[in-house]
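Q: In the working numbering, the protein residues as written are 2 to 278.
Here a beta-carbon is modelled for each residue, glycine too, at the ideal position from N, C-alpha and C.
Can you keep this structure in mind? I'll have questions shortly.
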């Protein structure tokens with residue numbers, strides 16, 4: 002039981018053995034290192050026995066500290082089931098809080114992208130999208146734990162459910178709190194899915210904008226190349242060692258230049274009318 006929550010890849014689950022219940026959920030954390038992923042999730046283990054309530058986590062987690070600091074009404078570690086449900090409720094609200102922060106960061110990056118298309122902003126959007134994928138997977142995994150707690154309350158056929166219900170006895174108030182936890186978790190899942198869809202659409206939209214900008218630049222450069230190549234072509238014709246018009250005229254160079262710029266100007270005008278510039 003103690004080793005399972007220390008595995009970073011451990012999924013949320015609930016199991017019981019010899020009068021002890023292990024609940025593993027995934028909690029959100031914010032990365033403060035140089036990693037490009039802004040948010041991640043880690044397993045958070047809760048071991049419930051007849052005499053003890055043990056929490057195990059790979060990294061320092063503010064979940065318990067925040068739970069104590071908020072001084073929730075009815076907080077009592079002796080009431081194991083209620084304390085467990087309050088932890089689950091606090092986890093769901095933490096997801097919602099982090100999702101709001103992701104939404105704010107997305108808006109800030111979007112404003113920057115409207116001004117300049119830099120790789121830094123695009124990489125940050127990709128990191129936020131990656132964080133949402135982690136959140137979505139963890140929330141669905143946590144939902145399994147909550148549903149199993151609900152089944153252990155309603156069903157007494159499964160031996161494991163019987164053992165779980167004996168350690169985690171539920172009263173009417175606890176059942177109501179469990180329903181609130183499930184609702185809060187579903188809200189976080191829906192919010193995560195909405196933000197993920199928006200972010201994915203935004204990435205596709207900006208990818209299309211970047212591609213369109215490249216096409217515009219290439220079209221402009223092609224048009225400029227065509228216009229500038231006309232004087233070169235005219236000069237090449239008059240550079241041949243054969244009889245040509247204006248070869249006896251003292252103003253031949255000026256006339257040739259006027260013809261070249263005249264043709265270039267006409268071509269540029271026609272391209273501009275067709276919005277090729």
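#1: Less than 6 Å between C-beta atoms, sequence neighbours within five positions excluded: which residues of the same chain meet that for residue 23?
#2: So, with DSSP's three-state summary, where would you put residue 160?
#3: Distance, Cα to Cα, residue 185 vs residue 94?
#4: Among the residues of its own chain, which have a CB less than 8 Å from the CB of residue 200, if the five just before and after it don't count?
#5: Can you give the Cα-Cα distance for residue 40 and residue 29, rounded to whole angstroms?
#6: Between the Cα of residue 11 and the Cα atoms of 19, 20, 18, 43, which residue gives the shortest distance?
#7: For residue 176 and residue 149, I'd like the C-alpha separation in whole angstroms.
#8: Expressed to the nearest angstrom, what Euclidean distance is found between the alpha-carbon atoms of residue 246 and residue 120?
#9: Thinking residue 261 and residue 228 are a contact (beta carbons under 8 Å), I'd like their distance in whole angstroms, please.
#10: Can residue 147 and residue 97 be called in contact, C-beta distance under 9 Å?
#11: For a quick check, are the C-beta atoms of residue 31 and residue 104 less than 9 Å apart?
#12: How long is the line joining the alpha carbons of residue 171 and residue 153, rounded to whole angstroms?
#13: Starting from residue 2, trace the alpha helix (DSSP H) both ways and give me its first and last residue.
#14: In angstroms, rounded to a whole number, what distance separates the CA positions of residue 226 and residue 109?
#15: Consult DSSP for residue 289 and reduce its assignment to one of helix, strand or coil.
#16: To the nearest angstrom, how far is the alpha carbon of residue 235 from that of residue 263?
#17: Does the distance from the C-beta atom of residue 137 to that of residue 194 stay below 9 Å?
#18: Measure the alpha-carbon distance for residue 50 versus residue 19 and round it to whole angstroms.
#19: Which residues in the same chain have their Cβ closer than 8 Å to the Cβ of residue 183, if we skip the five residues on either side of it in sequence?
#20: Are there 16 or more other CB atoms within 10 angstroms of the CB of residue 274, so buried, or fewer, so exposed?
#21: Starting from residue 54, follow the beta strand (DSSP E) in both directions and report where the run begins and ends.
#22: Look up residue 210 in the DSSP assignment and give the residues it is bridged to.
#23: Counting only the same chain and skipping the five closest in sequence on each side, list residues whose C-beta sits under 6 Å from that of residue 269.
#24: Assuming residue 45 contacts residue 27 (C-beta within less than 8 Å), just tell me the rounded distance between them.
#25: Please report the distance separating the alpha-carbon of residue 216 from that of residue 122.
#26: Assign residue 250 to one of two classes, buried (16 or more other C-beta atoms within 10 Å of its C-beta) or exposed (fewer than that).
#27: Under the three-state reduction of DSSP, which class applies to residue 8: helix, strand or coil?
#28: Go ahead and label residue 267 buried or exposed: buried means 16 or more other beta carbons lie within 10 angstroms of its beta carbon, across all protein chains shown.
A: Straight from the coordinates:
#1: 2, 16, 48
#2: The pLDDT assigned to residue 160 is 45, lower than 50, so where the model puts this residue is not dependable, and the model offers no usable value.
#3: Roughly 7 Å between the two C-alpha positions.
#4: 107, 126, 129, 130, 133
#5: Spanning the two alpha carbons is a distance of roughly 7 Å.
#6: That would be 43, whose Cα lies nearest to the Cα of residue 11.
#7: 13 Å
#8: 56 Å
#9: In fact, because the Cβ distance is near 11 Å, the residues do not count as touching under 8 Å.
#10: Contact: no.
#11: no
#12: Spanning the two alpha carbons is a distance of roughly 10 Å.
#13: Note, residue 2: premise wrong, no alpha helix (DSSP H); not H, not E.
#14: A direct Cα-to-Cα measurement between residue 226 and residue 109 gives close to 39 Å.
#15: Coverage of the chain is limited to positions 2 through 278, which leaves residue 289 absent and any answer about it impossible.
#16: 11 Å
#17: yes
#18: Computed Cα separation, rounded: 9 Å.
#19: Counting only Cβ-Cβ distances below 8 Å, and skipping sequence neighbours, we find 144, 147, 148, 151.
#20: exposed
#21: Residue 54: member of the beta strand (DSSP E) spanning 54-58, first to last residue.
#22: None; residue 210 has no bridge partner.
#23: Closer than 6 Å at the Cβ level, and outside the excluded window around residue 269, lie 228.
#24: 7 Å
#25: 21 Å
#26: exposed
#27: coil
#28: exposed
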